[in-house]
Amino acid sequence: MSFMYSSNLKSFIQIHLLKFDKLNTNLEKISTEFFLNWLSNTHNDKKKSLDSIANYKNGLAMQKFRPVNIKESLPVVKIRELNQGHTDSNSDLCRKDIDESVQINTGDIIFSWSGTLLLDLWAGNEAGLNQHLFKVTSNDYPSWFIYEWTKYYLQEFQLIAKSKATTMGHIKRSNLKESFAIIPDDDELTKLNNLLGPIFDNKIKIRKQNLILRQIKKQLLAKLLN
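This note's numbering puts the first residue of the sequence shown at 2, with every later residue one more than the last.
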């Protein structure tokens with residue numbers, strides 16, 4: 002591969018990375034605007050707590066689940082990996098036979114409830130979830146719904162965590178129990194799902210494509226430097 006070709010390819014990738022970042026930001030903004038618009042106009046008053054519409058499964062202290070061998074292991078997602086959007090060679094490893102409830106894969110909703118509180122969609126590959134991170138799932142409601150409601154309360158949760166000056170900032174499960182979501186009726190939910198479901202799915206696809214391009218860019222940089 003010639004230097005000129007590699008440089009052109011690198012520039013091409015960078016342009017598309019910027020496009021994907023902008024597109025994902027716009028989709029995030031659009032989905033939340035639609036959600037908030039529904040919330041301000043709905044006549045429904047049925048409410049449920051966050052912990053009743055979704056399961057907030059805490060990860061494990063993965064240092065207690067070290068793998069016997071690398072072939073039977075998974076990379077561990079901590080706040081570092083969540084921030085960068087993927088695992089890497091510096092990520093810790095855990096056993097592959099950990100419970101499925103603390104395994105994560107592309108598209109899973111991850112909520113950091115201690116330290117730096119943030120909410121994100123995982124675009125990386127299969128991994129083990131470390132403690133202080135919630136895997137957010139639901140058997141009753143679509144993923145976009147529990148994502149938007151968790152996001153709705155995120156700033157409030159961050160303020161709660163910040164107020165705990167004597168300890169590492171965090172929220173408690175009681176905070177989830179005391180935070181209520183308005184529940185749409187069946188017709189509303191169907192209409193919302195038809196609108197916001199595809200947007201949510203596209204956000205995941207774009208993040209995955211973005212991650213793949215970043216990995217290709219990293220490989221190209223390594224070749225250019227050698």
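Note that beta-carbon positions come from the ideal geometry of N, C-alpha and C, so glycine has one too.
Worksheet item: Considering only C-alpha positions, which residue in the set 105, 131, 219, 115 is nearest to residue 122?
Response: Mapped onto the sequence shown, residue 122 falls at position 121. It is 105.
Item to complete: For residue 29, I'd like the list of residues in its chain whose CB is within less than 7 Å of its CB, leaving aside the five on either flank, ordered along the chain.
Response: Locating residue 29 in the sequence shown gives position 28, where the first residue counts as 1. Within the same chain, residue 29 has close Cβ partners 204.
Item to complete: Evaluate residue 13 with the Cβ neighbour count: other Cβ atoms within 10 Å of its Cβ, from every protein chain shown; 16 or more gives buried, anything less gives exposed.
Response: Along the sequence shown, one-based indexing puts residue 13 at 12. Its Cβ having fewer than 16 others within 10 Å, residue 13 is exposed.
Worksheet entry | For residue 96, the three-state DSSP class (helix, strand or coil) | As a position in the sequence shown, residue 96 is number 95, starting the count at 1. Residue state, collapsed to three classes: strand.
Worksheet entry | Where residue 162 falls: helix, strand or coil (DSSP) | Residue 162 sits at position 161 when you count from the first residue of the sequence shown. Helix.
Fill in: When 197, 61, 67 are compared against residue 38, the one with the closest alpha-carbon
Position 37 of the sequence shown holds residue 38. Nearest C-alpha to residue 38: 197.
Practice prompt. Locate the alpha helix (DSSP H) running through residue 172, then write down its first and last residues.
Written response: Locating residue 172 in the sequence shown gives position 171, counting from the first residue. Segment: none, residue 172 is in no alpha helix (DSSP H) and carries neither H nor E.
Worksheet item: Nearest-angstrom Cα distance between residue 237 and residue 207?
Response: This structure cannot speak to residue 237, because the chain is shown only from 2 to 227.
Item to complete: Please confirm if the segment 170-185 is in contact with the segment 40-55, defined as three or more CB-CB distances below 8 Å between the two stretches.
Response: yes
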